[in-house]
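Here's the structure, in structure tokens; my notes come after.
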Amino acid sequence: MDLVKLDKNSAKKLICPKCKGELRKAEGGPVRIVNGKVDMDATLPRQICDNCGVFYRELLNSGYYNVFELPEDERQKKHRVISTGDIPPKILKREADGKCPCPRCGDRMDFVEAGPVQIVNGKPDFSNTMDHFKCPYCKSVFRKIVGTDFYQWSEK
């Protein structure tokens, strides 16, 4: 059992001693039964490093932390985001669930149907008047090129 003292960065957030990346705090969950025994460790908060694939759990409010491997199902998936200038126009088609893969990051994009012009801060907003795809991961928007079946990355 390794005990580690975690340092803080200038923003007063805990950082990983291996990669010096900022740790993500996860609150404890409910009590679980594992192999017929009560698992009380699941109720304790953890500091998670997504880069290294480990998490830290504080030992009795001492400021020292135990290091554990992060289970595969809890790891956040990382996407390589392609530069917007490197994305050629593509034909995008909705699948059965109404989504399609994002050409920029590979995540699943949502299809946004056209709607009426909306007034935002006293000005007309035409951004949702045409069908388009929007990616929740990289925040990219792909709009249809007029008169074609191709979609192209758009700033807004």
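The sequence shown lines up with residues 23 to 178 when you count with the numbering used here.
Beta carbons are placed, not taken as given, at the ideal position from N, Cα and C, and that holds for glycine.
Scanning the segment 42 to 125 for uninterrupted beta strand (DSSP E) segments of 3 residues or longer gives 46 to 48, 54 to 56, 59 to 61, 68 to 71, 76 to 80, 86 to 91, 121 to 123, listed from N- to C-terminal end. Between leucine 114 and cysteine 127, the gap from beta carbon to beta carbon reaches 8 Å or more. Residue range 145 to 147 is occupied by the beta strand (DSSP E) that includes aspartate 147.
With 16 or more other Cβ atoms from the protein chains shown falling within 10 Å of its own Cβ, glutamine 69 counts as buried. No Cβ-Cβ contact shorter than 8 Å links aspartate 129 with valine 89. For serine 162, same chain residues with a beta-carbon under 7 Å away, outside a window of 5 residues either side, are Cys124, Arg126, Trp175 in chain order. When C-alpha distances from isoleucine 37 are compared across Gly169, Arg54, Asp72, Asp61, the shortest belongs to Asp72. The C-alpha of valine 139 lies about 18 Å from the C-alpha of glutamate 177.
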